[in-house]
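Student: Under numbering that gives the first Met the number 0, think of the first position of the sequence shown as 0, with each following residue one higher.
Note that CB positions come from ideal geometry on N, CA and C, so glycine has one too.
Predicted model only: the values in this text are computed from it and were never measured.
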Amino acid sequence: MHKINVGLIGFGTIGTGVARVLIDNASVISDRLGAEVVLKRVADSDTVRDRGLSLGEGVLVDDAELILNDPDISIVIELVGGTGVAKDFVLKALGSGKHVVTANKALISTCGQELFEAAAENGLDIGYEASVGGGIPLLKSLTEGLVANRIESMYGIINGTANYILSAMTFEGRPFEEVLKVAQAEGLAEADPSYDVDGIDTAHKLSILLNLAYGIHLPPDNIFTEGIRSIAPLDIKFAEKFGWRIKLLAIARSGLNGIEARVHPAMISASHPLSAVEGAYNAVFIKGDAVGSVMLYGLGAGEMPTASAVVSDVVDICRNIQKGISRRVEPSYGVNAGAAEMAIKPMEELSMPYYVRFSALDRPGVLSKISGVFGEHGISLSSVIQEERKDGGIVPLVLVTHHAVESSFCDAVAEIETLDIVENKAVYVRIEENIGGAE
Numbered sequence: 000m001h002k003i004n005v006g007l008i009g010f011g012t013i014g015t016g017v018a019r020v021l022i023d024n025a026s027v028i029s030d031r032l033g034a035e036v037v038l039k040r041v042a043d044s045d046t047v048r049d050r051g052l053s054l055g056e057g058v059l060v061d062d063a064e065l066i067l068n069d070p071d072i073s074i075v076i077e078l079v080g081g082t083g084v085a086k087d088f089v090l091k092a093l094g095s096g097k098h099v100v101t102a103n104k105a106l107i108s109t110c111g112q113e114l115f116e117a118a119a120e121n122g123l124d125i126g127y128e129a130s131v132g133g134g135i136p137l138l139k140s141l142t143e144g145l146v147a148n149r150i151e152s153m154y155g156i157i158n159g160t161a162n163y164i165l166s167a168m169t170f171e172g173r174p175f176e177e178v179l180k181v182a183q184a185e186g187l188a189e190a191d192p193s194y195d196v197d198g199i200d201t202a203h204k205l206s207i208l209l210n211l212a213y214g215i216h217l218p219p220d221n222i223f224t225e226g227i228r229s230i231a232p233l234d235i236k237f238a239e240k241f242g243w244r245i246k247l248l249a250i251a252r253s254g255l256n257g258i259e260a261r262v263h264p265a266m267i268s269a270s271h272p273l274s275a276v277e278g279a280y281n282a283v284f285i286k287g288d289a290v291g292s293v294m295l296y297g298l299g300a301g302e303m304p305t306a307s308a309v310v311s312d313v314v315d316i317c318r319n320i321q322k323g324i325s326r327r328v329e330p331s332y333g334v335n336a337g338a339a340e341m342a343i344k345p346m347e348e349l350s351m352p353y354y355v356r357f358s359a360l361d362r363p364g365v366l367s368k369i370s371g372v373f374g375e376h377g378i379s380l381s382s383v384i385q386e387e388r389k390d391g392g393i394v395p396l397v398l399v400t401h402h403a404v405e406s407s408f409c410d411a412v413a414e415i416e417t418l419d420i421v422e423n424k425a426v427y428v429r430i431e432e433n434i435g436g437a438e
């Protein structure tokens with residue numbers, strides 16, 4: 000049986016999972032592939048720690064060059080992370096005639112074009128299925144299963160940590176900081192959780208999805224991004240009263256005047272399938288012009304789900320090697336003039352309904368003053384809730400607007416925050432209606 004040698008750089012949690020899948024499922028893979036995938040060498044700075052896995056004598060080394068310079072290794076798996084040395088490893092692998100598989104969303108979203116060009120120049124493949132959605136075959140669905148469609152919209156819950164925190168806040172009624180500490184203790188959140196809870200990780204993933212769906216190369220830093228730190232149990236309670244759930248969403252939507260690209264918490268109908276996505280699970284709801292609405296769901300992170308996606312890329316490339324071909328499926332959308340000309344719509348020009356909560360004095364005339372400011376900015380209100388009564392005290396005042404332009408809404412809120420009848424900053428959440436036509 001034909002043998003295809005693989006080298007793995009990075010033997011952390013995901014790297015250990017990849018090695019485990021390649022070893023434990025070797026017979027399953029070879030039966031389906033018709034060739035043997037051999038993990039010839041693993042490189043990591045730590046060659047002592049017990050990963051609970053036996054690689055065999057001499058397989059684990061501390062020098063990645065032994066992989067990059069080995070002419071018998073056809074595929075390099077990069078699982079180091081980041082955009083520094085990981086980029087160097089990938090470029091050297093491609094320059095040495097080796098295909099690459101990575102789970103590195105930061106690398107692909109920020110340096111992808113350079114890497115894709117290097118791969119094209121050398122006639123090589125780059126697989127990065129695991130960079131978005133963990134074990135969900137999301138990228139393959141966009142590049143193959145949905146290739147005949149114009150993608151009208153994508154709404155994604157693609158950060159498990161943020162979704163876990165919002166789920167716990169919803170079902171247990173605990174505040175953000177308290178749930179975050181539990182998530183950190185259970186290993187579901189990093190010591191510095193900013194990457195996850197501030198939406199940065201989600202923006203990196205959305206950048207990749209934008210490229211595959213629309214051919215747009217939008218760096219994560221250019222994507223409007225807000226996190227979930229401001230969400231309180233009180234907002235979740237009010238959302239439930241309106242029949243909504245709060246989720247951190249990656250949103251991409253095409254229209255006549257361009258493409259929306261944004262990451263922020265949003266209130267969505269409790270009857271929508273995305274509302275049922277809880278804990279560390281991910282899901283992306285896609286609407287194509289031919290297929291209609293499709294939702295892909297599964298574990299978006301973790302050792303084994305991510306390893307599953309990494310190995311799926313390895314097997315795809317092995318199939319190409321067996322046939323003596325490469326780049327059967329382009330790793331990037333490529334240059335598409337029609338898509339490239341589609342501008343990203345400025346966030347301040349978008350229009351949608353808003354939920355906003357003020358901490359307001361409980362006295363006559365307060366609501367009229369606040370609604371008056373909104374009216375001056377051309378914004379009308381659809382609902383008002385003020386449940387508690389504390390004469391002369393501070394109470395939550397919740398308003399829901401009709402469709403309003405983002406810039407006008409933000410200007411109105413900023414003006415209201417200067418009034419002596421409100422305290423603290425307002426909390427507001429955008430409302431997404433009729434996602435993909437499914438509620």
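In angstroms, rounded to a whole number, what distance separates the CA positions of Ala-119 and Arg-252?
Tutor: In a straight line, the C-alpha of Ala-119 is about 29 Å away from that of Arg-252.
Student: Below 8 Å, can you find three or more Cβ-Cβ pairs linking the region 145-160 to the region 267-287?
Tutor: Taking 8 Å as the limit for Cβ pairs, the verdict is that the region 267-287 does touch the region 145-160.
Student: Can you give me the Cβ contacts of Leu-248 inside the same chain, cut-off strictly under 6 Å, excluding the 5 residues immediately before and after it?
Tutor: Counting only Cβ-Cβ distances below 6 Å, and skipping sequence neighbours, we find Tyr-154, Ala-265.
Student: May I have the straight-line CA-CA distance separating Ile-3 from Arg-31, to the nearest angstrom?
Tutor: So the two alpha carbons sit approximately 14 Å from each other.
Student: Is Ala-18 closer than 8 Å to Leu-67 when the C-beta atoms are compared?
Tutor: Cβ atoms of Leu-67 and Ala-18: not closer than 8 Å.
Student: In chain order, which continuous runs of the alpha helix (DSSP H) of length 4 or greater are located wholly inside the region 39-90?
Tutor: Within the region 39-90, the complete alpha helix (DSSP H) runs of at least 4 residues are 64-67.
Student: Counting only the same chain and skipping the five closest in sequence on each side, list residues whose C-beta sits under 6 Å from that of Ala-279.
Tutor: Here the set comprises Gly-159, Tyr-163.
Student: Which of the three DSSP states is assigned to Pro-345 in this structure?
Tutor: Coil.
Student: How is the beta strand (DSSP E) around Gln-286 delimited, first residue to last?
Tutor: The sequence given here places Lys at residue 286; Gln does not occur at that position. Where Lys-286 is concerned, the enclosing beta strand (DSSP E) stretches over 280-287.
Student: For Pro-330, does the count of other Cβ atoms within 10 angstroms reach 16, so buried, or fall short, so exposed?
Tutor: The residue is buried, with at least 16 neighbouring Cβ atoms inside 10 Å.
Student: Would you mind stating whether Ile-415 and Ala-403 have Cβ atoms separated by less than 8 Å?
Tutor: Against a cut-off of 8 Å, the Cβ pair of Ala-403 and Ile-415 comes out as no contact.
Student: Helix, strand or coil for Glu-416? Go by DSSP, reduced to three states.
Tutor: Of the three classes helix, strand and coil, the one that applies to Glu-416 here is helix, per DSSP.
Student: Among Asp-361, Gly-377, Ser-358, which residue has its Cα nearest to the Cα of Ser-350?
Tutor: Among Asp-361, Gly-377, Ser-358, the Cα nearest to that of Ser-350 belongs to Gly-377.
Student: Can you give the beta carbon distance from Tyr-296 to Ile-434, rounded, assuming they're within the 8 Å contact cut?
Tutor: About 15 Å separates the two Cβ atoms, so there is no contact after all.
Student: Under 6 Å Cβ to Cβ from Lys-91, same chain only, skipping five residues before and after it: list those, please.
Tutor: Same-chain partners within the cutoff: Leu-67.
Student: Taking Val-100 as the reference, which of Gly-186, Thr-169, Gly-392, Gly-9 has the closest Cα?
Tutor: Comparing Cα positions, the closest option is Gly-9.
Student: Please state the DSSP three-state secondary structure of Pro-363.
Tutor: In this structure, Pro-363 counts as coil in the three-state DSSP scheme.
Student: Mind checking who Leu-255 pairs with in its DSSP beta bridge?
Tutor: Answer by DSSP bridge pairing: none, since Leu-255 is not bridged.
Student: Report the rounded CA-to-CA distance for Glu-347 versus Ile-250, giving the unit in angstroms.
Tutor: For Glu-347 and Ile-250, the distance between alpha carbons rounds to 15 Å.
Student: Provide the residue(s) that pair with Ser-350 in DSSP beta bridges, ordered along the chain.
Tutor: Ser-350 pairs with Val-404.
Student: What are the uninterrupted segments assigned as alpha helix (DSSP H) that are 4 or more residues long and contained completely in the region 139-227, given in chain order?
Tutor: With a minimum length of 4 residues, the continuous alpha helix (DSSP H) runs that stay inside the region 139-227 are 159-171, 175-184, 193-196, 199-213.
Student: Can you name the residues that DSSP bridges to Lys-240?
Tutor: Lys-240 is not bridged to any residue.
Student: CB of Ile-393 to nearest heavy atom of the ligand SAH: below 7 Å?
Tutor: This structure does not include the ligand SAH; it has no bound ligands of any sort.
Student: Taking its Cβ as the centre, do 16 or more other Cβ atoms sit within 10 Å of Ser-206, making it buried, or is it exposed?
Tutor: With 16 or more other Cβ atoms within 10 Å, it is buried.
Student: So Ile-320 and Ser-73 are supposed to be a Cβ contact under 8 Å. How far apart are they, rounded?
Tutor: So it is a contact: roughly 6 Å between Cβ atoms.
Student: Considering only the beta carbon of each residue, do His-401 and Pro-345 sit closer than 8 Å?
Tutor: Cβ distance not < 8 Å, so His-401 and Pro-345 don't count as in contact.
Student: Less than 8 Å separating the beta-carbons of Ser-358 and Ile-384?
Tutor: Not a contact, by the Cβ cut-off of 8 Å.
Student: Give a yes or no on contact between the region 292-309 and the region 164-178, applying the rule of three or more CB pairs nearer than 8 Å.
Tutor: Segments in contact, no.
Student: Helix, strand or coil for Val-276, going by three-state DSSP, please let me know.
Tutor: In the structure shown, Val-276 sits in coil (DSSP, three-state: anything other than H, G, I, E or B).
Student: Got a sec? Which residues, its chain only, sit under 6 Å from Val-37 by beta carbon, not counting five neighbours each side?
Tutor: Lys-2, Asn-4, listed in sequence order.
Student: Go ahead and label Ser-108 buried or exposed: buried means 16 or more other beta carbons lie within 10 angstroms of its beta carbon, across all protein chains shown.
Tutor: Label assigned to Ser-108: buried.
Student: If distances are taken between C-alpha atoms only, which option among Arg-318, Val-131, Ser-381 comes closest to Val-355?
Tutor: Selected option, being the one with the closest Cα: Ser-381.
Student: I'd like to confirm the pairing. Which residues does DSSP put opposite Ile-446 in its beta bridges?
Tutor: Outside the displayed span of the chain (0 to 438) sits residue 446, for which this structure offers no information.
Student: Does any CB atom of chain D fall closer than 8 Å to the CB of Leu-21?
Tutor: Absence of chain D from the displayed structure is noted, only one protein chain being present.
Student: Do Leu-123 and Leu-93 have their beta-carbon atoms positioned less than 8 Å apart in this structure?
Tutor: Their beta carbons are under 8 Å apart, which means Leu-93 touches Leu-123 by this criterion.
Student: When the Cα atoms are used, what is the spatial distance from Asp-195 to Asp-220?
Tutor: Taking the straight line from one Cα to the other gives about 15 Å.
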